[in-house]
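**Student:** This is the structure, below, for whatever I ask next.
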Amino acid sequence: MHGIETRAILEKLAALPEDWHLAGMASERVLKAIADECVRLSPLVRTAETGSGKTTLLFSSLSPRHTVFALDTGNRSISAAMESSLLDPSVVELVEGPTQKTLPSYSFDGEYDVVLIDGPHGYPFPDLEYFYFYPRVRKGGLLLVDDIHIPSIGRMYRILKACDMWRLIRTVDNMAFFERTDAPLLDPYADGWWLQGYNRRLYERGLKRKGLLGALTPKWLRRMFPASVKRFFSRFA
Ligand SMILES: C[S@@+](CC[C@H](N)C(=O)[O-])C[C@H]1O[C@@H](n2cnc3c(N)ncnc32)[C@H](O)[C@@H]1O
Numbered sequence: 014m015h016g017i018e019t020r021a022i023l024e025k026l027a028a029l030p031e032d033w034h035l036a037g038m039a040s041e042r043v044l045k046a047i048a049d050e051c052v053r054l055s056p057l058v059r060t061a062e063t064g065s066g067k068t069t070l071l072f073s074s075l076s077p078r079h080t081v082f083a084l085d086t087g088n089r090s091i092s093a094a095m096e097s098s099l100l101d102p103s104v105v106e107l108v109e110g111p112t113q114k115t116l117p118s119y120s121f122d123g124e125y126d127v128v129l130i131d132g133p134h135g136y137p138f139p140d141l142e143y144f145y146f147y148p149r150v151r152k153g154g155l156l157l158v159d160d161i162h163i164p165s166i167g168r169m170y171r172i173l174k175a176c177d178m179w180r181l182i183r184t185v186d187n188m189a190f191f192e193r194t195d196a197p198l199l200d201p202y203a204d205g206w207w208l209q210g211y212n213r214r215l216y217e218r219g220l221k222r223k224g225l226l227g228a229l230t231p232k233w234l235r236r237m238f239p240a241s242v243k244r245f246f247s248r249f250a
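Count along the sequence shown from 1, then add 13; that gives the number in the numbering used here.
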């Protein structure tokens with residue numbers, strides 16, 4: 014899908030009525046930016062989104078395999094997309110239901126070129142979706158987070174902005190476009206809060222104040238160390 018075809022689908026999306034579905038739709042500028050990024054990354058192998066609507070139609074025209082995790086809460090966002098003549102149903106897999114349930118039980122296979130998080134917006138649901146997707150965005154691939162003007166999603170945006178695994182390439186309206194860097198994956202089944210950019214300053218301040226020994230061991234254990242050990246570790250503060 015290139016040039017003229019992409020422009021044509023964007024024009025058709027722009028012409029859809031305002032009440033085409035009632036869950037809030039991506040703006041023309043956002044759709045254009047998604048299309049530009051997908052064309053830049055082409056050929057795509059696999060994409061996914063949470064939530065459904067105009068973006069579903071767009072991805073179905075840009076991606077050879079697009080998975081939609083969505084729940085229609087009476088807003089027609091799934092039915093409008095699935096019944097649209099602009100949808101290419103041969104490339105779309107719909108996983109219908111609350112992502113809080115469908116993502117943990119979904120059998121993921123392989124990595125995604127682009128993932129859009131735009132399903133349920135209440136805290137902690139976008140964070141939960143992030144948990145299931147962040148290990149599966151390929152290096153150089155994109156994670157799109159919509160509605161970063163919502164304070165709880167804004168916090169997630171700031172966490173990702175400070176994270177070594179992501180590079181913010183742009184924000185368009187309320188959508189953030191993050192590119193997966195070459196940084197090692199944060200182990201989803203371990204800890205590592207002290208490695209994360211958003212927390213690093215606090216951790217380093219603590220390290221300065223308490224020294225390496227203090228930062229790595231609980232207070233009750235520190236008390237049991239002889240002065241010589243404490244002196245040794247104080248060099249690393
Ligand atoms: C803001 S809309 C997505 C708009 C779409 N990206 C577009 O451009 O038209 C949010 C979507 O998330 C869906 N949704 C709401 N709660 C959900 C849940 N718990 N699980 C999955 N999808 C949910 C809504 O029905 C809707 O499809």
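From the three backbone atoms N, C-alpha and C, an ideal C-beta is built for every residue, glycine too.
Tell me whether residue 202 is buried or exposed, calling it buried when 16 or more other Cβ atoms sit within 10 Å of its Cβ.
**Tutor:** One-based indexing of the sequence shown puts residue 202 at position 189. Exposed is the call here.
**Student:** Is the closest heavy atom of ligand 1 to the C-beta of residue 209 under 7 Å?
**Tutor:** Residue numbering aside, residue 209 sits at position 196 when the sequence shown is read from its first letter. No, ligand 1 has no heavy atom inside 7 Å of this Cβ.
**Student:** From residue 136 to residue 21, what does the alpha carbon distance come to, in whole angstroms?
**Tutor:** Here the question's residue 136 lines up with position 123 in the sequence shown. Here the question's residue 21 lines up with position 8 in the sequence shown. Cα-Cα distance, rounded: 36 Å.
**Student:** In terms of DSSP beta bridges, what is residue 151 paired with?
**Tutor:** The residue you call residue 151 lines up with position 138 of the sequence shown. Note: residue 151 sits in no beta bridge, so no partner.
**Student:** Just the C-alpha distance for residue 226 and residue 220, rounded to the nearest angstrom, thanks.
**Tutor:** Taking the sequence shown and counting its residues from 1, the one referred to as residue 226 is at position 213. Taking the sequence shown and counting its residues from 1, the one referred to as residue 220 is at position 207. Answer to the nearest angstrom: the Cα atoms are 8 Å apart.
**Student:** If you run the structure through DSSP and keep just helix, strand and coil, what is residue 253?
**Tutor:** The chain is shown from 14 up to 250; residue 253 falls before or after that span and cannot be answered.
**Student:** In whole angstroms, what separates the C-alpha of residue 195 from that of residue 176?
**Tutor:** Position 182 of the sequence shown holds residue 195. Position 163 of the sequence shown holds residue 176. Between residue 195 and residue 176, the C-alpha separation is close to 12 Å.
**Student:** Quick one: grab the DSSP three-state call for residue 180.
**Tutor:** In the sequence shown, counting from the first residue as 1, residue 180 sits at position 167. Of the three classes helix, strand and coil, the one that applies to residue 180 here is strand, per DSSP.
**Student:** Given a cut-off of 8 Å on the beta-carbon distance, is the pair residue 46 and residue 185 in contact?
**Tutor:** Along the sequence shown, one-based indexing puts residue 46 at 33. Along the sequence shown, one-based indexing puts residue 185 at 172. Contact flag set, yes.
**Student:** With a threshold of 7 Å (Cβ to nearest heavy atom), would residue 198 be considered close to ligand 1?
**Tutor:** By one-based count along the sequence shown, residue 198 stands at place 185. Outside the cutoff, so no.
**Student:** Any idea what DSSP makes of residue 99, helix, strand or coil?
**Tutor:** Residue 99 sits at position 86 when you count from the first residue of the sequence shown. In the structure shown, residue 99 sits in coil (DSSP, three-state: anything other than H, G, I, E or B).
**Student:** Closer than 7 Å to a non-hydrogen atom of ligand 1 - does that hold for the CB of residue 67?
**Tutor:** Working through the sequence shown from its first residue, we reach residue 67 at position 54. It does: the Cβ of residue 67 is within 7 Å (strictly closer) of some heavy atom of ligand 1.
**Student:** To which residues of the same chain is residue 223 closer than 6 Å at the C-beta, ignoring the five residues directly before and after it?
**Tutor:** The residue labelled residue 223 in the question sits at position 210 within the sequence shown. Counting only Cβ-Cβ distances below 6 Å, and skipping sequence neighbours, we find nothing.
**Student:** Taking contact to mean at least 3 C-beta pairs separated by less than 8 Å, is the segment 47-56 in contact with the segment 84-104?
**Tutor:** Touching, no, given that fewer than three Cβ pairs across the two stretches are closer than 8 Å.
**Student:** Counting C-beta neighbours from all protein chains within 10 Å, is the total for residue 233 16 or more, i.e. buried, or is it exposed?
**Tutor:** As a position in the sequence shown, residue 233 is number 220, starting the count at 1. With fewer than 16 Cβ atoms within 10 Å of its Cβ, residue 233 is classed as exposed.
**Student:** Using only CA atoms, which one of 148, 124, 85 and 131 lies nearest to residue 110?
**Tutor:** The residue you call residue 110 lines up with position 97 of the sequence shown. Of the candidates 148, 124, 85 and 131, the one whose C-alpha sits nearest the C-alpha of residue 110 is 85.
**Student:** Taking only three categories from DSSP, how would you classify residue 68?
**Tutor:** Mapped onto the sequence shown, residue 68 falls at position 55. If DSSP states are grouped into helix, strand and coil, residue 68 belongs with the helices.
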